[in-house]
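See below for the structure under consideration.
Residue numbers (the UniProt record's numbering): 1 to 75.
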């Protein structure tokens, strides 16, 4: 398994696990980051700090610190 932060642009991956806890975990679950959800990596921002993802039809930007807490597998 890889971290979401390490996935290249224009790749699709599947969520395997969340390493976050507390309020951050609840936020991620509310955004649709549940086990088995498909994520498209749309584009990376300057310095790769922010990355835009397509999650269940919604574009969401996550910081590198947040996306590195999401374990994914390539499909």
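The C-beta atom is built at its ideal place from N, Cα and C for all residues, glycine as well.
Computed from a prediction, not measured in an experiment: that's the story for all the values here.
Within 10 angstroms of the beta-carbon of residue 51 lie 16 or more other beta-carbons, which makes it buried. In the three-state DSSP reduction, residue 4 falls in the helix class (H, G or I).
Ranking 66, 11, 36 by CA distance to the CA of residue 42 puts 11 first. Taken in chain order, the unbroken stretches of alpha helix (DSSP H) that lie wholly in the UniProt domain "Ferrous iron transporter FeoA-like" (2-74) and span 4 residues or more are 22-30, 64-67. Taken atom to atom, the span from the alpha-carbon of residue 74 to that of residue 3 is near 11 Å.
About 4 Å separates the CB atoms of residue 19 and residue 69; that is less than 8 Å, so the two are in contact.
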